[in-house]
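A short worksheet on the structure shown next.
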Amino acid sequence: MRFPLSLTLSMGRYILRKRLAGVRRYPLVLMLEPLFQCNLHCTGCGRIREYADHLRERLSLEECFDSASACGAPIVSVCGGEPLLYPEIGALVRGLTDVQKRHVYLCTNGLLLKKSVESTIFRPTSRFFINVHLDGLAANHDASTGREGVFDAAVEGIQAAVAAGFQVCTNTTLYKESSVEEIVQLCEFLESVGVRGLMLAPAFSYETFDEPTSEELFLQRAEVHEKFRELEKRLRGCRLVTTPLYMDFLTGRRELPCATWANPTRNVCGWKSPCYLLTDAHYPTWEEMLEKTPWEQYGPQGSDPRCRNCMMHCGFEPGAVLVTNENLWQALRMAWWQMF
4 MRFPLSLTLS MGRYILRKRL AGVRRYPLVL MLEPLFQCNL HCTGCGRIRE
54 YADHLRERLS LEECFDSASA CGAPIVSVCG GEPLLYPEIG ALVRGLTDVQ
104 KRHVYLCTNG LLLKKSVEST IFRPTSRFFI NVHLDGLAAN HDASTGREGV
154 FDAAVEGIQA AVAAGFQVCT NTTLYKESSV EEIVQLCEFL ESVGVRGLML
204 APAFSYETFD EPTSEELFLQ RAEVHEKFRE LEKRLRGCRL VTTPLYMDFL
254 TGRRELPCAT WANPTRNVCG WKSPCYLLTD AHYPTWEEML EKTPWEQYGP
304 QGSDPRCRNC MMHCGFEPGA VLVTNENLWQ ALRMAWWQMF
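Listed below in structure tokens is the structure:
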């Protein structure tokens with residue numbers, strides 16, 4: 004199976020309960036950022052620019068647990084910043100998986116992964132995934148992070164985690180300069196060292212980048228279609244966790260709604276609105292963010308020009324899930340994909 008049975012059943016039961024209750028908007032994945040501090044300064048990262056004045060701030064453990072309980076999403080993506088710099092990261096993961104019974108993705112650049120695995124602050128469980136961000140092979144990934152040896156350190160961390168019995172997946176963001184050939188080689192290499200799930204998505208131009216930089220770094224929609232059509236052909240047989248409907252969207256075969264409210268972001272400034280990528284406001288509670296955000300203004304269905312070229316998974320993967328649950332054929336297609 005592409006995902007553990009516990010995750011599939013947990014998500015399925017959760018969505019069914021929401022649909023039976025007539026709830027229109029509900030979270031699927033909480034993007035939890037306990038801190039913005041990072042040990043890298045990556046070219047395409049918007050966090051260290053947008054939140055430069057908050058790099059020393061952290062959410063408390065209690066605030067993290069309360070946030071997960073408040074929105075109720077069955078999956079929590081612990082990100083940042085670099086979450087392995089969070090002093091209570093072991094207690095945070097254990098509290099979310101063991102006490103709250105949520106599935107957790109720890110999103111890391113991998114620099115501290117080997118040390119963290121060897122220190123036994125985590126334990127392998129079907130509810131816990133380690134998600135390592137790698138945007139290319141050694142030369143290009145190191146260049147994008149501004150530091151030599153990052154790729155090799157991340158791979159060492161992956162190998163240590165796999166050997167210790169952890170579920171390891173990767174997240175690769177594609178930019179204008181990303182080579183299809185290199186991404187194919189990267190995916191094949193990662194599978195050879197034990198990575199069990201590969202996620203691919205196009206980068207999004209944060210509003211904090213100036214226009215010339217945006218044009219040099221980020222793909223336009225037609226360029227995304229072209230690149231992912233080629234990747235789809237070349238990566239048949241690889242364990243991609245990019246869902247079939249989202250891949251249809253990336254290759255230009257269909258449109259999807261943006262359901263960014265299904266992936267809410269909680270950070271040291273509050274509940275981020277409208278999405279993980281754009282910041283128009285921060286709200287003190289999940290309920291206030293959900294109620295006060297003018298959702299109809301965003302995504303392909305809205306009028307906000309910042310959304311024009313966005314095809315990021317944080318908005319459109321949940322859109323794919325919602326379409327799947329309203330269409331029997333797509334539900335069967337998703338079930339087959341999940342099994343094989």
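Numbering of the sequence shown is given in my numbering, commencing with residue 4 and proceeding in unit increments. Idealized CB from N, CA, C, for every residue including glycine.
- Only buried fits Met314, as 16 or more other CB atoms lie within 10 angstroms of its CB.
- Note on geometry: alpha-carbon atoms of Gly152 and Ile51 lie some 21 Å from one another.
- Note on geometry: alpha-carbon atoms of Thr128 and Val171 lie some 11 Å from one another.
- Three or more beta-carbon pairs drawn from the region 90-97 and the region 62-82 are found closer than 8 Å, and the two stretches are therefore classed as touching.
- When rounded, the separation of the alpha-carbon atoms in Asp251 and Gly322 is 12 Å.
- In the structure shown, Pro205 adopts extended strand secondary structure according to DSSP, grouped into three states.
- In this structure, Gly75 lies near Pro30, with their beta-carbon atoms less than 8 Å apart.
- Its chain contains Gly47, Thr176, Tyr178, Phe221 as the residues whose beta carbon lies nearer than 6 Å to that of Ala206, once the 5 sequence neighbours on both sides are disregarded; these appear in chain order.
- Going by beta carbons, Gly139 and Leu201 fall outside the 8 Å limit.
- The three-state secondary structure of Met34, taken from DSSP, is strand.
- Non-local beta-carbon contacts of Glu219 in its own chain, meaning distances under 8 Å to residues more than five positions away in sequence, involve Lys179 in chain order.
- Scanning the region 80-112 from its first residue to its last, the whole beta strand (DSSP E) runs of 3-plus residues come out as 106-111.
- Inter-residue distance for Val244 and Lys118 is about 27 Å (C-alpha atoms, whole angstroms).
- Here Phe319 is near Leu259, since their CB atoms are less than 8 Å apart.
- The criterion of a C-beta distance shorter than 8 Å is not satisfied by Gly160 and Gly197.
- When the beta-carbon positions are compared, Arg5 and Trp274 stay at least 8 Å from each other.
- The three-state secondary structure of Asp69, taken from DSSP, is helix.
- Put simply, the region 226-237 does not touch the region 279-294. Fewer than three CB pairs are less than 8 Å apart.
- For the pair Val271 and Arg61, the CB atoms are nearer than the 8 Å cut-off.
- With contacts defined as CB atoms closer than 8 Å, Phe132 and Val165 fail to qualify as a contacting pair.
- Take the alpha-carbon of Gly149 and the one of Ala142: they are about 11 Å apart.
- Comparing C-alpha distances from Lys295 to each of Arg59, Trp264, Trp332 shows the shortest one belongs to Trp264.
- Of Phe192, Tyr249, Phe125, Ser72, the smallest CA-CA separation from Leu109 is found for Phe125.
- Proximity to Cys241 across Leu193, Leu23, Leu35, Gly305 peaks at Leu193, based on C-alpha coordinates.
- DSSP places Ala284 inside the beta strand (DSSP E), whose first and last residues are 282-286.
- Looking at the DSSP output, Arg61 shares a beta bridge with Leu38.
- The beta carbons of Leu12 and Ala71 sit no closer together than 8 Å.
- Residue state for Cys172 is assigned as strand, using DSSP reduced to three classes.
- Out of Thr173, Tyr54, Pro77, the CA that lies nearest to the CA of Pro267 is found in Pro77.
- Distance between Glu53 and Glu185, taken at the CA atoms: about 30 Å.
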